[in-house]
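Chains as they are written, first to last, in the working numbering: chain A, 34 to 419; chain B, 1288 to 1389. One structure is given here, and the rest of the page talks about it.
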């Protein structure tokens, strides 16, 4: 098995019962595995709720014990959801602007030049984390130098070596955001904090707590996910130099290649919901106030939808993947993430002849019934200049 | 060359002409409100949903099974719904009228 191969651990359960089970901190989750069932649940926000009273419960593993601030618009349901989403949506579409893309290209060139200069490096810490942090300064519209601090936090803002969730580590981020909000109140600028602080939703100014909710979502939602998408793509092109060569020769397949890598790697395995009434999912009873999760990673390997689902097909033309979620709460950062991937792949084809994986340690998620490879804890790669 | 009329949800009319690519790409190029084409046209994001004017429906044709599945759980679906990323400019009838769903 190549090191960039990411097996599908859900196949049997998906085909046999359509559901999996995970006991998460004594708050069990029924994992929905099939493409159509996942879409059906994501669509039905009334029965499968995001904005319940217990903040953090829809995240798997649950963040109920480490977070009190509601993430916005992520943990708000319609109709209130729409006002918040409409407020932030134009800001999160800025990656489509030329000026943003020029700055992002500089950042990508920076990390790739550094990698070529070093020759050998550990990609997670020395490449992906740096790229993700520096790119985030663009999304927040704050000075580039701020990324040095975020890089110093390491790859996991919420995790330590031995536990999936670490309250102390999470507090570093929450305290930091509190302090930044206070700074923006004292000295408003053109950044996301100031834009939010100056905004109104339904005729009321956003509270500090609401601004914090948007920022936590922005920091947390786009960290491990982007790092995994970038790292895993590097691993893939190292394993398949002919694919990198193909992108060089056929730049017109860039878009399908990006969507396919995102489908295949599905950097976010699942997202939960709280059930609001006794109902059924794939003919199994689910109780009101219990939890389900929509397993994007499983849906994206559903062979009823994707031919050769376990292969990376760079020119896959129809690719209804759910890696950015589906429906009301689809990923707010998707435009930013896609732009990172687009520029990363473009610059790789311009500057890198080939890459070799020297050594790696896989990051395996423990989902009780399943074990899923989601990325790498570390991966040493040699970059060769074009 | 096909001339396509887009009618947005706030009743703005945009007439665009194109020779190649998808109808979604033509709409994005002409900044048609409500058509984002986030996924670049691989039928994943459903941000290019349009209602085909009834008169043109038989000429445009029904969605494929996968496209139809994506539409099934979208908002504002009608019997004339299509994802415009799956419509090719060179294959649609000249004068086509599309109403943006979002």
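By construction, the Cβ of each residue, glycine as well, lies at the ideal position given by its N, Cα and C atoms. The structure displayed is predicted, hence computed values, not measured ones.
Taking all protein chains in view, the Cβ of residue 386 of chain A is surrounded by fewer than 16 other Cβ atoms within 10 Å, so the residue is classified as exposed.
Taking the Cα of residue 103 of chain A as reference, the smallest distance to any Cα among A:86, A:381, A:111 is reached at A:86. When the beta-carbon positions are compared, residue 419 of chain A and residue 280 of chain A stay at least 8 Å from each other. From the beta-carbon of residue 1360 of chain B, the residues of chain A found nearer than 7 Å are 72, 73, 76, 360. The Cβ-Cβ distance between residue 239 of chain A and residue 225 of chain A does not fall below 8 Å. About 15 Å separates the beta carbon of residue 285 of chain A from that of residue 346 of chain A, a gap too long to meet the 8 Å contact definition. Straight-line spacing of the CA atoms in residue 411 of chain A and residue 162 of chain A works out to 11 Å. The alpha helix (DSSP H) runs of length 4 or more contained entirely in the region 290–327 of chain A do not exist; there are none. Residues of chain B with a Cβ closer than 7 Å to the Cβ of residue 367 of chain A are, in chain order, 1325. With contacts defined by Cβ atoms closer than 8 Å, residue 227 of chain A and residue 65 of chain A do not form a contacting pair. Note: residue 1336 of chain B is bridge-paired with B:1370 in the DSSP secondary-structure output. With its beta carbon at least 8 Å from every one in chain B, residue 79 of chain A lies outside the interface.
Beta-carbon to beta-carbon, residue 306 of chain A and residue 81 of chain A are separated by about 4 Å, close enough to satisfy the 8 Å threshold.
Residue 1335 of chain B and residue 1371 of chain B do touch by the CB rule: their CB atoms are close to 4 Å apart, below 8 Å. In chain order, 140, 177, 180 place their CB closer than 7 Å to the CB of residue 167 of chain A, counting only its own chain and leaving out the 5 sequence neighbours on each side. Residue pairing by DSSP places residue 413 of chain A opposite A:155, A:392 in a beta bridge. Excluding its 5 nearest sequence neighbours in each direction, residue 154 of chain A has C-beta neighbours in its own chain below 6 Å: 148, listed in chain order. Taking C-beta atoms as the reference points, residue 319 of chain A and residue 309 of chain A fail to come closer than 8 Å. Between residue 165 of chain A and residue 260 of chain A, the C-beta spacing is below 8 Å. Judged by beta-carbon spacing, residue 1321 of chain B lies within the 8 Å limit of residue 1296 of chain B, meaning their Cβ atoms are closer than that value. Leaving aside the five residues that flank residue 291 of chain A on each side, the residues in its chain whose CB is nearer than 7 Å to its CB run, in chain order, 371, 374, 375, 378. Contact with chain A is found for residue 1356 of chain B, since one of that chain's Cβ atoms lies less than 8 Å from the residue's Cβ.
Non-local beta-carbon contacts of residue 171 of chain A in its own chain, meaning distances under 7 Å to residues more than five positions away in sequence, involve 133, 136, 137 in chain order. Cβ-Cβ distances below 8 Å link residue 50 of chain A to 315, 317 in the same chain, with the five nearest sequence neighbours on each side left out; the list follows chain order. Just measuring C-alpha positions, the residue of B:1379, B:1317, B:1327 sitting nearest residue 1289 of chain B is B:1379.
The contact set of residue 351 of chain A on chain B, defined by CB atoms closer than 7 Å, consists of 1329, 1330, 1353 in chain order. Excluding sequence positions up to five before and after residue 91 of chain A, its CB lies within less than 6 Å of the CB of 83, 305, 306, all in the same chain and listed in chain order. The C-beta of residue 264 of chain A has 16 or more other C-beta atoms within 10 Å across all chains shown, which makes the residue buried. Beta-bridge partners of residue 400 of chain A (DSSP): A:403. Inclusion of residue 1303 of chain B and residue 1338 of chain B in the CB contact set at 8 Å is not warranted, their separation being larger than that value. Against chain B, the beta carbon of residue 354 of chain A has neighbours under 9 Å at 1326, 1329, 1331, listed in chain order. For residue 1300 of chain B, the number of other beta carbons within 10 angstroms of its own is below 16, and it is reported as exposed.
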